[in-house]
Structures are given as C-alpha cells and as structure tokens.
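Residue numbers (the working numbering): 5 to 609. We put the CB at the ideal spot given by N, CA and C, even for glycine. Just so we're clear, the structure is a prediction, and the values are computed from it rather than from any experiment. Right, one structure below, let's go through it.
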C-alpha cells in the first residue's frame, strides 16, 4: 500500500517495482492484499487450494496478476531478483526489486552465490528483506543451523545492511520512505527482527504454530485478540487511499534526476580483474559472418550468430559461468559487453538469474557444460524456467562423452532423460554448425525455454546446403531408404551418415532420420519409418535408458507397432576415461563401429 510503485490496473507495467517471495509459503498473506488492491476479484480467494485454483500455498506468476515470480524451492529467488534488477538496469528503467527471504532460508547456499553476484554488479535497485524471526521448521535457527553473523555476511559481499524492528510500523514506514533518498550504489539488505506469532498470546514464539492451521476456537480467539469487538476490515478499505498515495509517491520518485538513480547509471560489470589474453583464434568482430562452413566449430557459430542477431533483438543477453572462451560466448561478450553477464563458477545462480531476466523481458542465452547445467541445475531448469515457461535458451556444450579424459563428472550421458521429461521445455540436439544457426534463429520466435545439446565444437558439417524446411519438432529425413531406418541426432549424426554410406555400398538401403528435437517429438516421422521400412535402430551419444531410443520405443509401443527394434549408445554405465576419438571407437559410436553394430543386429533378427 505504501512503498511499491505499481499499477494494479496495468499489472505488466514494465517499470513497476517487483516483489519476489523467497519464502513463498507466505503467499496466503499476499493474496488478500492483491485482491484488496484490485488485481483480481476477492471472490476468487474462495477457490484457495481447490483443484484447478490459481491460489496454492506458493504464488504462481502465470496465473496470478501481481505475483512477479513463482516460488517454491527455497534459495532460488534472491538470484531471480538479481536477474530482474540486472535486466532493469540494462533497459534504463528505475524500478526496484524487493525480495522477501526467510531467515531459515539463509541456510541455502545459492543465496550466497546471489549475494556475491549482486554485490559485484552493485545492484542498488535490489532490496533483500530478511524476516529474522529466528525460527525454521524444526526449531530455532541457531539450534538447527546457525546463520549468524548474518549482517556481516551480507556486508562481506559488498551489501549495505539496515536492521530494524519488524513489528514497529513507524520504523518500517520510515525505513521504506528512506529508499527514495538512498544513493549508495550497493544492494541493500534490510534485516527485520520479528517474533513468530507476535501479537497473539498463544502463538508467540511457538514452534507448534509454524505450520499450524487457524481453525475453530483458535481462529475466534485470534480474532478477538487482534480486532476485539470491531469488524474485520472489508476488501477495498484501503484501495482508494493506496491509489492516491501511490500516485503522489510515484510523482515524487520520478522527479529525481537520472543522475541520482544509481540503479540506472551503474555498469553491469564492476569488478574486472586482470585476465589472460583472449585465445588467438578469436576473430575480429568486424569480420564476423553469419555464414557457416566446415571450418567453423559449433561453439564459434553460436557466439557469432548471437552477436549478429543481437543488433536486431535487444532482448538477447548472454550469461556464462566462467566458461565464455570454452563456449565462445566471448564473441558475443566482445560485441555486446553491456548485455553479457559472467557469474563466475555458480551455475545454479546463473540459471535462476537468467529466469529473473526473462521474467523482466529478456531472452537469455546461457552457456556452460552440459553435465553441470543438466544435472546440477535440473531443479532450476524445471522450477524456474520450465514451470514458468520463460524464454531462456540453454547452450549445454560438451555433452555426451566429448569431455573424454575429464571423466565421469564431466560426461553428460543422462541429460536427455532428465530434460525430455520437463513440460514446456524444448530439447534440441543440433548436428552441426548450420543446425545450430537454424536453431538459434528459430528460437527467437519460439515460446518457452529451450535446451540446446551441443558437442565440443568439432562436429563435421553434414548439412552443407543448409537445413531443409527446419522447424522445432519436425524431424529431417536426411536419406531415404527402404530396408531399415537409423534414427539419430546431434553428436552422432556425422558418424551415422558415414556408417549409412558404408552400408549402402554393401547393398543395405538405410533411411536416416535426424530426430533433432527430442521434445516435442515428431511421432509421425517415427511411425511412418516403422511402417515403411519395418526395422528401426537408434544411435545416440547418451545412456540408452531415457534418451532418443527410449523416446522412439515409447512411440512404437503406444502405436501398437511390433517391429525389430534396437537401441545403441552407452549401455547403462558410466563412461570410461580416454581421448574422445578413442572413446567413440571403444563404445562403437564411430562410423565403423556403428556399421558393425547394424550388421550384428541384422544377423540375429
């Protein structure tokens, strides 16, 4: 009512202040306030927690006007808020982002990644409010897992810290009023000291009421203590006053000269330590071309294409986790430094930060190793990106066994089985440089998040003349044939092309399908191939459980098609260590090995 610069009649106003709930379980207290402010009819609250309702125990940004981001998993939303603050600064807007955190939530490690990033980027438009009620689910925070000295921890990450009595309404008003005069370039943390159950004698500092339901006699007793014989305020009691007061405050705030709005004028990158010279193969940006050739690596193409498209698409931003040279986002960073963010080695923070930027109107392209982003950040992809259907593009490079001798923790052999089960997430496995270019260009008009499964940048070009009629979810018949169908994609495409040519020389007419999009899946192409060729084998640089082999098998089973079928890939094991070329031979994922597998299979069916 007093502080946020918002317009309930225009809930998507781009320069509105944002309120993000880290402790999303307090949404039940936010919903009546949003109704009172006019975001939706109060009668909708009667559907709370019912099947199909927009109102659950945590807010849903897709369903509720006034909820700036969804909440659920603790520890994510300070990163999300930092992403929103970064996006606002990039766009020259002076909105502020308020993030309400629980003190027990401060056990979550990602908060410290977010604190580190926000302090480094000097996000003065970010205000974290910690409800320091000293209680988490199992008891008092300092008994479960101590978080003190909390204020000093924020200060150590270059934050300004204010501490207040969270029950003193006068102090709260004065504190929030002071934000308009604040000139400190650092993000601000307000630690509000509160007591769980304050104001109700039977709840005060009682752990039993941490998740208790207020029903029957307990409800009557609580209302008697809070309002006595007076009727509870009705919806709309404060709405008109709030609208007038907010208009007055907005006018005052907008009157500040731009030079006083440190959140707008501060650059994105504050701390720039000395670094080694860029790799010599970096091209002069003036000579970059969007054309692709056999000499261009898939990594180089992704960086150059993004750099070229960014001029016409101001929503494009780039993020990496200390790997900009490995994934060649360095090309984008050199061309568009003000739209590039390096979060350091903090992948989870990066994904959530990208979610916040996307919620504020950006289209982030996020680059890191596939093993890190798909496994370490699986919950973040699901909860922050896919659930909210946000347009974040994940450039997951060095997938499969391309990391070779780096070992199991760098091999990504489970990423398809993880990502293809997530609703709203498109999963794309490009075969070569032209495929990546086609995918990036198509992604600009594609809704929701996309997982790009990339290799190590050494994949040979197989689409020398470009991709015919490319579209996500539409498989490409690379070669027609009638004897059997080989279905593959991405990292194994070039090897399969060579293997099929070898088999053709032996008289075996193979159809080759590039199933480049694993989600959504082109079921028609699979069914047609099964009925027209009668035999299917899938080849993938992935565990055969959960990858494209499993996806094809599911289609055949559901369609009632009984044909000889085989999955070839990594057979339910962690890959061994070795140079990539040696591993491909070891697992028979090179052209001779694939041809041999096909011959052996045909000999026994």
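| query | Which of helix, strand or coil does DSSP assign to residue 24? | reply | Counting from 1 along the chain shown, the entry for residue 24 is found at position 20. It is a strand residue.
| said: Helix, strand or coil for residue 35? Go by DSSP, reduced to three states. | reply: Reading the chain shown from its first residue, position 31 is the one you call residue 35. Looking at residue 35 - three-state DSSP - the assignment turns out to be helix.
| field | Three-state secondary structure assigned by DSSP to residue 603 | value | Counting from one through the chain shown, the residue named residue 603 turns up at place 599. Helix at residue 603.
| message | Tell me the rounded alpha-carbon separation between residue 176 and residue 21. | response | Along the chain shown, one-based indexing puts residue 176 at 172. Along the chain shown, one-based indexing puts residue 21 at 17. One C-alpha to the other measures close to 18 Å.
| request: For the alpha helix (DSSP H) holding residue 368, just list the boundary residues, first then last. | output: Position 364 of the chain shown holds residue 368. Premise fails: residue 368 lies in the beta strand (DSSP E), 367-373, not in any alpha helix (DSSP H).
| To the nearest whole angstrom, what separates the beta carbons of residue 350 and residue 87, a pair I think is in contact under 8 Å? | To locate residue 350, count along the chain shown from 1; it is residue 346. To locate residue 87, count along the chain shown from 1; it is residue 83. Contact doesn't hold; Cβ gap of about 13 Å is too wide.
| task | Could you work out which residue in 167, 214, 148 is closest to residue 1 when comparing CA atoms only? | result | The structure shown does not extend to residue 1, since the chain is modelled only from 5 through 609, so no value can be given for it.
| field | For residue 600, the nearest candidate out of 583, 519, 505, 567 (CA to CA) | value | For the purposes of this step, residue 600 is taken as the residue at position 596 of the chain shown. Answer by Cα proximity: 505.
| field | Within 9 Å, strictly: CB atoms of residue 324 and residue 365 | value | By 1-based counting over the chain shown, the position of residue 324 is 320. By 1-based counting over the chain shown, the position of residue 365 is 361. No, these two residues do not count as a Cβ contact at 9 Å.
| request: Would you kindly report the start and end of the unbroken alpha helix (DSSP H) that includes residue 82? | output: Counting from one through the chain shown, the residue named residue 82 turns up at place 78. Its alpha helix (DSSP H) spans residues 81-94.
| message | Within 10 Å of its beta-carbon, does residue 172 have 16 or more other beta-carbons around it, so buried, or fewer, so exposed? | response | In the chain shown, the residue the question calls residue 172 occupies position 168. Per the 10 Å Cβ criterion, exposed.
| message | I'd like to know whether the C-beta atoms of residue 353 and residue 554 end up nearer to each other than 9 Å. | response | Numbered from its first residue, the chain shown carries residue 353 at position 349. Numbered from its first residue, the chain shown carries residue 554 at position 550. No, the pair does not count as a contact, with Cβ atoms beyond the cut-off.
| field | Nonlocal neighbours in the same chain, by C-beta distance under 6 Å from residue 356, ignoring five residues either side | value | Along the chain shown, read from residue 1 onward, the residue named residue 356 stands at position 352. For residue 356, where only same-chain residues beyond five positions count, the Cβ hits under 6 Å are 80, 83, 84, 384, 388.
| Taking the Cβ atom as the reference point for each residue, do residue 49 and residue 131 lie within a distance shorter than 9 Å? | For this step, residue 49 is matched to residue 45 along the chain shown. For this step, residue 131 is matched to residue 127 along the chain shown. Their beta carbons are not under 9 Å apart, which means residue 49 does not touch residue 131 by this criterion.
| Does the Cβ of residue 342 have 16 or more other Cβ atoms within 10 Å, making it buried, or fewer, making it exposed? | Here residue 342 refers to the residue found at position 338 when the chain shown is read from its first residue. Classification of residue 342: exposed, given that the 10 Å Cβ count is below 16.
| Beta-bridge partners of residue 346, as assigned by DSSP | What you label residue 346 is simply residue 342 of the chain shown in a count that begins at 1. DSSP, once it has assigned bridges, lists 324 as partnering residue 346.
| task | Give the range of the beta strand (DSSP E) segment to which residue 548 is assigned. | result | For the purposes of this step, residue 548 is identified with residue 544 of the chain shown, where counting begins at 1. Premise fails: residue 548 is in no beta strand (DSSP E) and is neither H nor E.
| said: Let me confirm a value: residue 608 is counted as buried when at least 16 other C-beta atoms fall within 10 Å, else exposed. Which label applies? | reply: Locating residue 608 in the chain shown gives position 604, counting from the first residue. It is exposed - the Cβ of residue 608 has fewer than 16 other Cβ atoms within 10 Å.
| query | When you compare each of 450, 507, 532 to residue 524 by their alpha carbons, which one comes out closest? | reply | Locating residue 524 in the chain shown gives position 520, counting from the first residue. Checking every option, the nearest Cα to that of residue 524 belongs to 450.
| Could you give the distance in angstroms between the alpha-carbon of residue 152 and the alpha-carbon of residue 165? | Residue numbering aside, residue 152 sits at position 148 when the chain shown is read from its first letter. Residue numbering aside, residue 165 sits at position 161 when the chain shown is read from its first letter. Rounded to the nearest angstrom, the two C-alpha atoms are 14 Å apart.
| said: How far does the alpha helix (DSSP H) with residue 125 in it extend, from its first residue to its last? | reply: Looking up residue 125 in the chain shown gives position 121. 114-125 is the span of the alpha helix (DSSP H), which, as asked, contains residue 125.
| Starting from residue 157 and walking both ways along the alpha helix (DSSP H), at which residues does that stretch end? | For this step, residue 157 is matched to residue 153 along the chain shown. First-last of the alpha helix (DSSP H) with residue 157: 154-160.
| said: Please return the same chain residues whose Cβ sits closer than 7 Å to the Cβ of residue 111, not counting the five positions on each side in sequence. | reply: The sequence position of residue 111 within the chain shown is 107, counting from 1. So the list reads 149, 151, once near-sequence residues are dropped.
| field | Cβ shell of residue 3 (< 6 Å), same chain only, five flanking positions each side left out | value | This structure cannot speak to residue 3, because the chain is shown only from 5 to 609.
| task | Report the residue ranges of all alpha helix (DSSP H) runs contained in full by the stretch 189-235; include only those spanning at least 4 residues, in chain order. | result | 220-231
| Taking one C-beta from the stretch 525-543 and one from the stretch 472-486 each time, how about it: are there three or more such pairs within less than 8 Å? | As far as the Cβ criterion goes, the stretch 525-543 touches the stretch 472-486, which means the pair count is three or higher.
| Close-in-space but distant-in-sequence residues of the same chain around residue 530 (CB under 6 Å, 5 per side omitted) | Locating residue 530 in the chain shown gives position 526, counting from the first residue. Answer for residue 530: 556, 559, listed in chain order.
| task | Please work out which residues of its chain come closer than 7 Å, Cβ to Cβ, to residue 583, disregarding the five sequence neighbours upstream and downstream, and give them in chain order. | result | Looking up residue 583 in the chain shown gives position 579. Only 408, 409 meet the Cβ criterion.
| message | Among 415, 548, 6, 187, whose alpha-carbon lies nearest the alpha-carbon of residue 181? | response | Along the chain shown, read from residue 1 onward, the residue named residue 181 stands at position 177. Nearest of 415, 548, 6, 187 to residue 181, Cα basis: 6.
| If residue 122 and residue 36 are in contact, beta carbons under 8 Å, what's the gap, nearest whole angstrom? | Locating residue 122 in the chain shown gives position 118, counting from the first residue. Locating residue 36 in the chain shown gives position 32, counting from the first residue. Actually they are not in contact, since the Cβ atoms of residue 122 and residue 36 sit about 31 Å apart, beyond 8 Å.
| request: Measure how close the beta-carbons of residue 447 and residue 467 come, nearest whole angstrom, since I'm counting them as under 8 Å. | output: Walking along the chain shown from the start, residue 447 turns up at place 443. Walking along the chain shown from the start, residue 467 turns up at place 463. Going by Cβ atoms, the distance from residue 447 to residue 467 rounds to 17 Å, so no, they are not a contact pair.
| task | Express the C-alpha separation of residue 461 and residue 612 in angstroms, rounding to a whole number. | result | In the structure as shown, the chain begins at 5 and stops at 609. Residue 612 is therefore absent and cannot be evaluated.
| said: Less than 9 Å between the beta carbons of residue 591 and residue 573, yes or no? | reply: As a position in the chain shown, residue 591 is number 587, starting the count at 1. As a position in the chain shown, residue 573 is number 569, starting the count at 1. Against a cut-off of 9 Å, the Cβ pair of residue 573 and residue 591 comes out as a contact.
| message | Mapping the DSSP letters down to three states, classify residue 278 as helix, strand or coil. | response | For the purposes of this step, residue 278 is taken as residue 274 along the chain shown, with counting starting at 1. Confidence at residue 278 is low in this model, with a pLDDT of 33, below 50, so its placement is unreliable and the value that follows should be read with caution. If DSSP states are grouped into helix, strand and coil, residue 278 belongs with coil.
| field | Burial state of residue 317, where buried means 16 or more other Cβ atoms lie within 10 Å | value | Here residue 317 corresponds to residue number 313 of the chain shown, with the count starting at 1. Classification for residue 317: exposed.
| task | Could you tell me how far apart the beta carbons of residue 98 and residue 19 are, in whole angstroms, since I believe they sit closer than 8 Å? | result | The count along the chain shown starts at 1 and reaches residue 98 at position 94. The count along the chain shown starts at 1 and reaches residue 19 at position 15. So it is a contact: roughly 7 Å between Cβ atoms.
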